[in-house]
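Here is the structure we will look at, set down as structure tokens.
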Amino acid sequence: MGNVSTSLLKLTPRVGDHGKNLVCRAENPRLEGSAIEDSWKLAVF
């Protein structure tokens with residue numbers, strides 16, 4: 001396994017965030033086309 005990076009986000013969503021997308025994106029600027037991302041649709045009640 002190569003280098004590994006880990007990040008932690010603590011988010012307190014508000015009602016106004018309901019239905020918005022939270023996106024996590026990572027890329028290596030030395031490798032063209034290396035970007036990956038995932039997203040989650042927030043459900044805030």
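Residues in the sequence shown are numbered from 1 upward in steps of one, following UniProt numbering. All C-beta atoms, glycine included, are put in the ideal place defined by N, C-alpha and C. None of the values given here were measured: they were computed from a predicted structure.
Grab the span of the beta strand (DSSP E) containing residue i for me, first residue to last.
i     : result
Lys41 : 36-41
Val23 : 21-26
Report the CB separation of residue i from residue j in whole angstroms; it is logged as a contact under 8 Å.
i     : j     : result
Leu42 : Leu22 : 6 Å
Going by DSSP in three states, residue i sits in which element: helix, strand or coil?
i     : result
Val4  : coil
Gly16 : helix
Step through the CB atoms of chain C and report whether any lies within less than 9 Å of the CB of residue i.
i     : result
Cys24 : This model lacks chain C altogether, as it is built from one protein chain only.
Going straight from the alpha carbon of residue i to that of residue j, what length do you get?
i     : j     : result
Ser5  : Gly33 : 18 Å
Thr12 : Val44 : 10 Å
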